[in-house]
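Here's the structure, in structure tokens; my notes come after.
Protein chains in written order, with our numbering: chain F, 1 to 333; chain Z, 1 to 333.
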């Protein structure tokens, strides 16, 4: 957007009125790393006046587990019950793997065409920090646009789950029926983040295996330490079939009961507050380091010292102190 | 040291003459996080004129493997052959566990009393970044003091190994004989760092088990990808008995042949250069962030915004940008 056309209050108003084109363009804006766009994004975020809150659901699952099919079925059920649903995909690797960028909407064919749904594929960006900010700010825009549910989908690679866990109100782990007691490559940390484990594909030939897998995970969850943010019975394992649309209503009922309990017990707000503080600290570090990296004099000073540093003629801490001192100027001690 | 008594050139001269008291006091200085001491440490490091290089040996092993006994035996053999040996312990947990702070010297009774040996226990500091700088700078002081070998001992916890790997010329992993083909809790990453795996306790009843374990690791090492920094046959697995002083000469011969090859092939210098560049970048980030954290105005600005941040009334990135802008002043873009 050129500077002349950019009137943040006007864009904010359109987003809050539910204008999908304004929302889509605003998400494009927060995805940009360009300084002008970052400044505009900041103005826009500040111009948002609503206090609307969606239920932010983080969702993960290893490839092949049927995540897109699940989101399609689950999302359709929500929009058909009158809710507005946004889907944001987080895939730090999508720039390389390619597939998912074009694939997301195709695989969620019915949902993507529903007027109450909004699906936004991953931006082609590999930097996890950039993806984190974009997803967080896109979520805020979707909330301002009045969506009731924001599904934040991620792939089972570990780091992105942790990131999504730091911005979601609840976290759902989707698993496939396993033969025997395999662990399906799910990292322990991701399992500990889950509020709900859904064993998908509980249909046809896999139904018996799904039942066993579900019982295994239910048993494993019972052995885990009770968390302060959980009512009795959570985290919980359930069977679902995205293809047959079985267990989806029950999943939504469980999610709602968890949300209700957390809101009543102050956990909802305190978790969001802690998440905001966490991201502020992360952004603070990032912003400061970026300034240093983009400062021509600091870059030149570092480059000039590289030879002495590499030769061990100046201690790394001493060289660093010099660069920082010249960057910050004589006033800052 | 008070400012009046502090003459860096004089201290540097005494260290380079082999004055142990000056070395010990200088290490205490680089261990301090106090700003005055940091400034003095920087002056001292700059005043060191020598280009002496020791062989920096990183050494790790899980508890119970006989690390202290090994260092005692191995170190004694080196000093008795005319070399000067310094031992630095890295134990980020020592402040909590307590034991090792007093234990180090006691457990290396003979070595610690030898005039050519210098043993420095872990400082009571838990911050890994601080431990990294202290160990690096203490190593530089030991090199200036003319030690031929600096043994940097660490415990098998993962993060500290990686850190020591970034400042050592070669890395030795000490293991105990295992029953069957257990992995002894050694992380794959640590095994991949090792130049030499020594199976200790190859004596008495454990000799046969040590032989099997050694063969297992030798096999595992052969399956690993060839590294650019290795001559033929490395990394290597050997059996040793610290108690019976068996295999120690052979270990030292292997280490020397590795060092010679690396020096002849330019690997030694390029590794040190890369390590210095790595630490410069780490120190640069650390120094800048520390300034922000210690800036009263930035701290006050962050605190003043906390309520709005936690309530979600201001986006984390927007709040961070404001704090950084006011910290850096209007000149810095």
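Quick reminder that beta carbons are idealized off the backbone N, C-alpha and C, glycines included.
If we define contact as Cβ-Cβ less than 8 Å, is residue i a contact residue for chain Z?
i: residue 320 of chain F; result: yes
i: residue 306 of chain F; result: yes
i: residue 267 of chain F; result: no
i: residue 312 of chain F; result: yes
i: residue 12 of chain F; result: no
i: residue 140 of chain F; result: yes
i: residue 133 of chain F; result: yes
i: residue 23 of chain F; result: no
i: residue 276 of chain F; result: yes
i: residue 291 of chain F; result: yes
i: residue 45 of chain F; result: yes
i: residue 149 of chain F; result: no
i: residue 137 of chain F; result: yes
i: residue 206 of chain F; result: no
If I measure Cβ to Cβ from residue i and keep anything under 6 Å in the same chain, skipping five residues before and after, which residues do I get?
i: residue 194 of chain F; result: 171, 173 and 235
i: residue 147 of chain F; result: 54, 84 and 86
i: residue 213 of chain Z; result: 177, 178 and 199
i: residue 69 of chain F; result: 242
i: residue 48 of chain Z; result: 12 and 144
i: residue 239 of chain Z; result: 199, 202, 210, 214 and 247
i: residue 60 of chain F; result: 154, 156, 161 and 173
Is the shortest distance between the beta-carbon of residue i and the beta-carbons of chain F less than 8 Å?
i: residue 317 of chain Z; result: yes
i: residue 181 of chain Z; result: Since pLDDT at residue 181 of chain Z reaches only 47, below the 50 mark, its modelled position is unreliable, and the value read off the structure follows with that caveat. No, residue 181 of chain Z lies away from the interface with chain F (no Cβ there is under 8 Å from its Cβ).
i: residue 272 of chain Z; result: yes
i: residue 42 of chain Z; result: yes
i: residue 279 of chain Z; result: yes
i: residue 287 of chain Z; result: yes
i: residue 262 of chain Z; result: no
i: residue 72 of chain Z; result: no
i: residue 31 of chain Z; result: no
i: residue 258 of chain Z; result: no
i: residue 323 of chain Z; result: yes
i: residue 284 of chain Z; result: yes
Sorted by chain position, which residues of the same chain lie with C-beta nearer than 7 Å to residue i's C-beta, five sequence neighbours on each side aside?
i: residue 292 of chain Z; result: 298 and 327
i: residue 325 of chain F; result: none
i: residue 33 of chain Z; result: 130
i: residue 319 of chain F; result: 305 and 309
i: residue 98 of chain F; result: Any answer about residue 98 of chain F is weak, because its pLDDT of 40 lies below 50 and its placement is not dependable; what the coordinates show is given next. Cβ neighbours of residue 98 of chain F beyond the five flanking positions: none.
i: residue 44 of chain Z; result: 8, 11, 12, 26 and 29
i: residue 262 of chain F; result: 229 and 268
Which same chain residues end up closer than 8 Å to residue i when comparing Cβ atoms and leaving out the 5 residues on each side of it in sequence?
i: residue 23 of chain Z; result: 15, 118, 141, 142 and 145
i: residue 244 of chain Z; result: 203
i: residue 343 of chain F; result: Shown here, chain F extends from 1 to 333; a query on residue 343 of chain F therefore has no answer.
i: residue 168 of chain F; result: 56, 57, 58 and 152
i: residue 266 of chain F; result: none
Assuming residue i is part of the beta strand (DSSP E), what are its boundary residues?
i: residue 86 of chain Z; result: 85-90
i: residue 263 of chain Z; result: First-last for residue 263 of chain Z: 248-264, but that is the alpha helix (DSSP H), not the beta strand (DSSP E).
i: residue 117 of chain F; result: 117-120
Span of the alpha helix (DSSP H) holding residue i?
i: residue 69 of chain F; result: 67-80
i: residue 193 of chain F; result: 188-193
i: residue 222 of chain Z; result: 207-223
i: residue 6 of chain F; result: Note, residue 6 of chain F: premise wrong, no alpha helix (DSSP H); not H, not E.
i: residue 294 of chain Z; result: 267-294
i: residue 330 of chain Z; result: It is not in any alpha helix (DSSP H) - residue 330 of chain Z carries neither H nor E in the DSSP assignment.
i: residue 35 of chain F; result: 35-47
i: residue 110 of chain Z; result: 109-113
i: residue 168 of chain Z; result: Counting along the chain, residue 168 of chain Z falls outside any alpha helix (DSSP H), and DSSP gives it neither H nor E.
i: residue 20 of chain Z; result: 20-31
What residues match up with residue i in a beta bridge as DSSP calls it?
i: residue 52 of chain Z; result: Bridge partners of residue 52 of chain Z: none, in fact.
i: residue 153 of chain F; result: F:59 and F:89
i: residue 241 of chain F; result: F:246
i: residue 174 of chain F; result: F:198
i: residue 236 of chain F; result: F:196
Spell out whether any CB of chain B is found under 8 Å from the CB atom of residue i.
i: residue 170 of chain Z; result: Note that chain B does not occur in the displayed structure, where the protein chains are F and Z.
Taking three-plus beta-carbon pairs below 8 Å as touching, is the stretch 61-69 of chain F in contact with the stretch 133-150 of chain F? no
Tell me whether the stretch 298-318 of chain Z and the stretch 306-316 of chain F touch, counting them as touching only if at least three CB pairs, one residue from each stretch, are closer than 8 Å. Counting C-beta pairs with one atom in each stretch, the stretch 298-318 of chain Z and the stretch 306-316 of chain F have fewer than three that are closer than 8 Å, which means they do not touch.
How about the stretch 7-21 of chain Z and the stretch 275-293 of chain F: do they share at least three Cβ pairs that are nearer than 8 Å? For the pair of segments examined, the stretch 7-21 of chain Z was found not to touch the stretch 275-293 of chain F: the number of CB pairs separated by less than 8 Å stays below three.
Inspect the CB distances between the stretch 69-78 of chain Z and the stretch 36-47 of chain Z and report whether three or more fall short of 8 Å. no
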